[in-house]
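Participant:
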Amino acid sequence: MNPDWRINMALNHLVAFESAVDKGSFTKAGISLGTTQPSISRHIAALEDMLGVPLFSRLRHRVELTDAGEQFYDAVKLGLGHIRQAAHRIAPQGQAQTLSIGCTYGFAHLWLMPRFSALQKMIPDQELRMVTADTRTIFDLDDVDFALRFGHGDWPDGVSQKLFGERLFPVC
């Protein structure tokens, strides 16, 4: 068997694997990468198929690395770290910084998108990226620079600022 065939792994597979380990779930990995849980599952399944070993033990609401997964994760983390460092070193300086905003699909579509071009004009040196979810998922602040959330603002992972209130009323 020629061992070089394994080098044909897609970078997306490795990034999905790293994120799934770091986040502890395929769903959270999907949210952090702006994709879906089934997409992450397909990337992981492809890796496991190429390697011929399971990388995760799937539990009810989380995943755990197998021994093979732990060994592979160490190498992937190191390799992707080197790639990120090299890209940062050679990227032109003064390039736009990315500002990531987390919110629900509905909020993005109905409130944020109509105001998006005005926001871009206000901060032209920032590249804006939206991370959306189909539920009122509490975003990991590791995944976004800030999150627009519904609720009372009593989240333990950051500083909350009320933007506006919401009034609900019945319609007949």
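Counting with my numbering, you get residues 125 to 296 for the letters of the sequence shown. All residues carry an ideal CB built from backbone N, CA and C; glycine is no exception. All of these numbers come straight from a predicted model, not from anything done at the bench.
(1) Can you tell me whether Glu-290 is buried or exposed, with buried defined as 16 or more other CB within 10 angstroms of its CB?
(2) With a threshold of 8 Å, are at least 3 pairs of Cβ atoms found where one atom belongs to the region 203–212 and the other to the region 187–195?
(3) Identify every run of the alpha helix (DSSP H) within the region 126–198, keeping only runs that are complete inside it and at least 4 residues long; order them along the chain.
(4) Distance check for Thr-159 and Asn-136, CA to CA, integer angstroms please.
(5) Roughly how many whole angstroms lie between the Cα atoms of Gln-250 and Arg-239?
(6) Go ahead and label Leu-243 buried or exposed: buried means 16 or more other beta carbons lie within 10 angstroms of its beta carbon, across all protein chains shown.
(7) If you draw a straight line from the alpha carbon of Leu-234 to that of Met-174, how long is it in whole angstroms?
(8) Under 6 Å Cβ to Cβ from Ala-153, same chain only, skipping five residues before and after it: list those, please.
(9) Exposed or buried, Cys-227, counting other C-beta atoms within 10 Å across all chains shown (16 or more means buried)?
(10) Quick one, which of Pro-178, Ser-181 and Val-255 has its alpha-carbon nearest Ile-225's?
(11) Would DSSP call Val-200 helix, strand or coil?
(12) Tell me the residue span of the alpha helix (DSSP H) that contains Ser-224.
(13) Have a look at Arg-184, Phe-196 and Leu-183 and flag the residue whose alpha-carbon is nearest the alpha-carbon of Gly-176.
Facilitator: In terms of the structure at hand:
(1) exposed
(2) no
(3) Taking 4 residues as the minimum length, the alpha helix (DSSP H) runs contained wholly in the region 126–198 are 135–147, 150–157 and 161–175, in order along the chain.
(4) Roughly 11 Å separates the two Cα atoms.
(5) 15 Å
(6) exposed
(7) 42 Å
(8) Ser-143, Ala-144, Lys-147 and Ile-164
(9) buried
(10) Taking Ile-225 as reference, the option from Pro-178, Ser-181 and Val-255 with the minimal CA-CA separation is Val-255.
(11) helix
(12) Note, Ser-224: premise wrong, no alpha helix (DSSP H); beta strand (DSSP E) at 221–228.
(13) Phe-196
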